[in-house]
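Quick note: the sequence shown uses the UniProt record's numbering, first residue 1, plus one each step.
C-beta: ideal position from N, C-alpha, C; glycine also.
Since we're looking at a predicted model, the values are computed, not measured.
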Amino acid sequence: MNGRLRVLIVEDDATLAANLGDYLEERGHEPDFASDGRIGLALAISQPYDALILDLRLPVLDGVSVCRRLRAQCQVCPAILMLTARDTLDDRIEGLEAGADDYLVKPFSLREMDLRLQAIVRRHRPVIQSPLVIGELELKPQERCVYYRQRIIDLSPIGFVMLETLMSAYPALVSRADFETRIWDDEPPNSDAALRGHVHRLRETLAACIGTDVIQTVHGMGYRLLDIP
1 MNGRLRVLIV EDDATLAANL GDYLEERGHE PDFASDGRIG LALAISQPYD
51 ALILDLRLPV LDGVSVCRRL RAQCQVCPAI LMLTARDTLD DRIEGLEAGA
101 DDYLVKPFSL REMDLRLQAI VRRHRPVIQS PLVIGELELK PQERCVYYRQ
151 RIIDLSPIGF VMLETLMSAY PALVSRADFE TRIWDDEPPN SDAALRGHVH
201 RLRETLAACI GTDVIQTVHG MGYRLLDIP
């Protein structure tokens with residue numbers, strides 16, 4: 001496969017991560033690195049990577065949790081190659097059920113890793129999402145950018161997911177439960193304060209750019225996006 005790939009390597013073994021990065025650079029690709037699951041998830045949500053090389057057993061947040069949250073929060077996800085030190089059926093099933101596209105057991109050949117990576121990226125590439133447009137508000141899922149009257153709106157990763165959810169549902173209501181699933185998957189916070197805080201920040205950011213509040217709160221039910229001028 002021709003073309004430069006952006007690949008995020010989420011691996012706490014610094015030597016292995018460096019070897020993977022060096023090999024990918026030699027093949028003409030652009031590697032990036034994260035040493036724990038939380039950092040890896042944040043980067044994967046905020047940057048347009050073509051693929052993730054994701055260790056199953058990571059500090060802070062394990063690979064399965066990273067995979068599940070990424071699949072829940074992104075409509076267009078990078079291809080995911082899961083790595084593990086243990087060749088057990090349970091590990092393979094756990095990783096694949098979480099959303100990994102393929103599985104590689106350590107130690108492995110770098111050439112095999114490259115071939116598997118190219119194969120899963122090929123499977124992902126045909127999926128191209130059209131921009132979401134309401135009035136003069138435009139959201140581009142592929143680039144993860146939002147514009148109002150051709151001026152970019154700076155949103156957090158969670159703010160982007162929330163606006164994407166609202167625009168996809170427009171003019172229908174998005175329930176609180178649906179929002180929580182998109183943001184936190186199966187680990188929502190214990191109180192409603194976190195969701196209210198994210199909605200408040202998104203509402204303020206949009207109002208500052210558009211000039212009016214465009215998010216309606218339907219008490220006890222959820223939120224909907226109003227018409228955009």
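- Relative to the Cα of Q142, the nearest Cα in the group S130, R151, R123 belongs to S130.
- When the five nearest sequence neighbours on each side are left out, the beta carbons in the same chain lying within less than 6 angstroms of the beta carbon of L226 are those of V214, Q216, in order along the chain.
- Buried is the label assigned to H29, since at least 16 other Cβ atoms lie within 10 Å of its Cβ.
- Taking 9 angstroms as the cut-off, the beta carbon of L139 is found closer than this to the beta carbon of E164.
- According to the DSSP secondary-structure assignment, K140 is paired through a beta bridge with C145.
- DSSP lists R6 as the bridge partner or partners of E30.
- Contact between the stretch 30–41 and the stretch 76–87 is absent: fewer than three C-beta pairs spanning the two stretches fall below 8 angstroms.
- Under a 10 Å Cβ-count criterion, R86 is classified as exposed, with fewer than 16 other Cβ atoms of the shown protein chains found around its own Cβ.
- Counting other Cβ atoms within 10 Å of its Cβ, I153 reaches 16 or more and is therefore classed as buried.
- Residue range 215–218 is occupied by the beta strand (DSSP E) that includes Q216.
- Using a 10 angstroms sphere on the CB of I93, the tally of other CB atoms stays under 16, which defines it as exposed.
- The criterion of a C-beta distance shorter than 9 angstroms is not satisfied by L5 and L110.
- Comparing C-alpha distances from R69 to each of E97, D90, D91 shows the shortest one belongs to E97.
- Bridge pairing for A51: V7, A79 [DSSP].
- In this structure, V161 and Q73 form a Cβ contact; the two beta carbons are roughly 5 angstroms apart against a cut-off of 8 angstroms.
- Contact between M82 and L132 fails: their C-beta atoms lie close to 31 angstroms from each other, not under 8 angstroms.
- By a beta-carbon distance limit of 8 angstroms, E11 contacts A17. Their separation comes to about 4 angstroms.
- For I183, no beta strand (DSSP E) encloses it; the enclosing alpha helix (DSSP H) starts and ends at 176–184.
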